[in-house]
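Chemist: Going by my numbering, the residue at position 240 of the sequence shown is 240; the numbering climbs one at a time, nothing skipped.
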Amino acid sequence: FTRHGPRASSLLARKESGMNATEERITGAIVRSYFEKLQQHLAIDVAIVGAGPSGLVAARDLARAGLRVALFESKLAPGGGIWGGGMLFNEIVVQADALPILDDFGIRHRPADAPGLHTADAVEVASGLIFGALQAGATLFNAIRVEDIVFHEDRIAGVVIQWTPIARLQMHVDPLVVMARAVVDGTGHPSEIVAMATRKAGVRIDTPTGDILGERPMWVDQGEASTVEQTRRLYPGLYACGMAANNVGGGFRMGPIFGGMLKSGRKLARLIVEDLRD
Ligand code: 48F
């Protein structure tokens, strides 16, 4: 007790021990707001694995349609293969028919010295897509790797998540789970989530063989078209977009041209909105 009574004494004790100092309040604010965010996304409409261009466009459209959407990105920085443009020349190419998607995000572009092709600054595209997805209401969890899927009665029902550093250090720590009505493989070339479904759950996906057909060598026009064509539901609760869809469907690769990725994201969102409405 001090001469000011018990309350003043406990305030003094807190002050002396550094409790309730700005440092404590900063940490408390981060912990409370992060856990609120996490708690609101333990059971969601759509879990998108991978925050590359196709996943980010899909996330924005799905969030705009009023669905609860979370992106899980294993790297610290979302954006996937956009940042480095072609061979670290940080410009990307987009076809004229995909420009409305860039316009929708407020991302600038200019005509290239080639008919029907336009260029955009890769850093502006990456940051613009991330910003646009979040502003529309999607939530992004970075540095979190999806290491498995939830499989319930012939349906993909969620994702199994773990901090990337824990996975990298191979620490023996059990993961947590996020349940989702739709799980999207946006992991790019390896189509990791569909691979888990075929390998671990043994499901036959919607391809001619029932399995992943695998990416073919570069043929830009074919690859761009097939990326959009192959964007679809592969199994109840399981979808793929972007290079993951192209890999699953046996399409050709296409390099640093991004119209197909953007259009794939938009198509995917439309399909999922229709499916989840039923
Ligand atoms: O590959 P990526 O950019 O996805 P995309 O939308 O776009 C492909 C283009 O960037 C480019 C192209 C073709 O030449 O135009 O390649 O298909 O991004 C995939 C993201 O998924 C993350 C990865 O870090 C990357 O940011 N990712 C991969 N596996 C996991 C993951 C995982 N298991 N959990 C969480 N994130």
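For every residue, glycine included, the Cβ atom is placed at its ideal position computed from N, Cα and C.
When DSSP labels each residue in this structure, what does R277 get in the three-state scheme?
Modeler: Helix at R277.
Chemist: Give the single residue among G259, V123 and P208 whose Cα lies nearest to the Cα of G85.
Modeler: Closest by alpha carbon: V123.
Chemist: To the nearest angstrom, how far is it from the Cα of V160 to the Cα of P111?
Modeler: Each residue's Cα considered, the two are about 43 Å apart.
Chemist: How many angstroms separate the CA atom of T2 from the CA atom of R32?
Modeler: Residue placement at T2 is poorly supported in this model, since its pLDDT is 47, which falls under 50; the coordinates are not used for a value here.
Chemist: Over the uninterrupted alpha helix (DSSP H) stretch that includes A133, give me the two end residues.
Modeler: That run of the alpha helix (DSSP H) goes A122 to Q135.
Chemist: Looking at the secondary structure, which residues open and close the beta strand (DSSP E) in which Q95 lies?
Modeler: Where Q95 is concerned, the enclosing beta strand (DSSP E) stretches over E91 to Q95.
Chemist: Below 8 Å, how does it come out for the segment 39–50 and the segment 71–88: are there three or more Cβ pairs, yes or no?
Modeler: Touching, yes, given that three or more Cβ pairs across the two stretches are closer than 8 Å.
Chemist: Below 8 Å on the Cβ atoms is my contact criterion, and I expect G188 with G242 to pass it. Report the Cβ-Cβ distance as a whole number of Å.
Modeler: The pair is a contact, with the Cβ atoms about 6 Å apart (cut-off 8 Å).
Chemist: Check whether the Cβ atoms of G265 and P78 sit closer than 9 Å, and answer yes or no.
Modeler: Not a contact, by the Cβ cut-off of 9 Å.
Chemist: Kindly indicate which residue of A21, G80, D61 and V94 has the alpha-carbon position closest to the one of R270.
Modeler: The residue with the shortest Cα to Cα distance from R270 is D61.
Chemist: Closer than 8 Å: is that where the CB of H118 sits relative to any heavy atom of the ligand 48F?
Modeler: Answer for H118: no, Cβ out of range of the ligand 48F.
Chemist: Where do the N-terminal and C-terminal ends of the alpha helix (DSSP H) with M218 fall, by residue?
Modeler: Per DSSP, M218 belongs to no alpha helix (DSSP H); it is in the beta strand (DSSP E), R216 to M218.
Chemist: Which two residues bound the contiguous beta strand (DSSP E) that contains M179?
Modeler: It spans L176 to D185 - the beta strand (DSSP E) in which M179 sits, taken as one unbroken run.
Chemist: With respect to 8 Å, is the separation between the Cβ of P190 and the closest non-hydrogen atom of the ligand 48F below this value?
Modeler: Yes.
Chemist: Measure from the alpha carbon of T139 to the alpha carbon of each residue in Y239, E23 and H41, then state which is nearest.
Modeler: Cα-wise, what sits closest to T139 is H41.
Chemist: Do you know whose CA, among E23, T207 and G81, lies nearest G186's CA?
Modeler: Residue G81 is the option with its Cα nearest to G186.
Chemist: Nearer than 8 Å: is that true of the beta carbon of R145 relative to any heavy atom of the ligand 48F?
Modeler: Yes, the beta carbon of R145 sits closer than 8 Å to at least one heavy atom of the ligand 48F.
Chemist: Counting only runs of 4+ residues fully inside the segment 189–217, write out the alpha helix (DSSP H) ranges in chain order.
Modeler: If we require 4 residues or more, the alpha helix (DSSP H) runs fully inside the segment 189–217 come out as 192–199.
Chemist: Return helix, strand or coil for N142, following the three-state DSSP convention.
Modeler: Three-state DSSP puts N142 in a strand.
Chemist: Determine which residues share a DSSP beta bridge with H172 and list them.
Modeler: Paired residues: none, contrary to the question.
Chemist: Here's a check: name, in chain order, each residue in its chain whose Cβ is nearer than 7 Å to the Cβ of V220, leaving out the five neighbours to either side.
Modeler: Result list for V220: M254, G255 and I257, in chain order.
Chemist: With a CB to CB cut of under 8 Å and the five nearest residues on each side skipped, what residues in its chain are close to Q170?
Modeler: No residues qualify anywhere along the chain.
Chemist: Are the CB atoms of D275 and R233 within a distance shorter than 9 Å?
Modeler: In this structure, D275 lies closer than 9 Å to R233 by Cβ.
Chemist: Go ahead and pull the three-state DSSP assignment for A112.
Modeler: It is coil, neither helix nor strand.
Chemist: Going by other Cβ atoms of all chains shown within 10 Å of its Cβ, with 16 needed for buried, is P56 buried or exposed?
Modeler: A small correction: the amino acid at residue 56 is Leu; Pro does not occupy that position in the sequence shown. Result: buried.
Chemist: Roughly how far, in whole angstroms, is the beta-carbon of G259 from the beta-carbon of A98, given that I think they are within contact range, below 8 Å?
Modeler: Their Cβ separation, rounded to whole angstroms, is 3 Å, which keeps G259 and A98 in contact under 8 Å.
Chemist: Counting beta carbon pairs with one atom in the segment 150–164 and one in the segment 89–107, are three or more of them shorter than 8 Å?
Modeler: Taking 8 Å as the limit for Cβ pairs, the verdict is that the segment 150–164 does not touch the segment 89–107.
Chemist: Does any heavy atom of the ligand 48F sit closer than 8 Å to the C-beta of K263?
Modeler: Not so, every heavy atom of the ligand 48F lies at least 8 Å from the Cβ.
Chemist: Using 10 angstroms around the beta-carbon of I193, count the other beta-carbons present and answer buried if the total reaches 16, otherwise exposed.
Modeler: It is buried - the Cβ of I193 has at least 16 other Cβ atoms within 10 Å.
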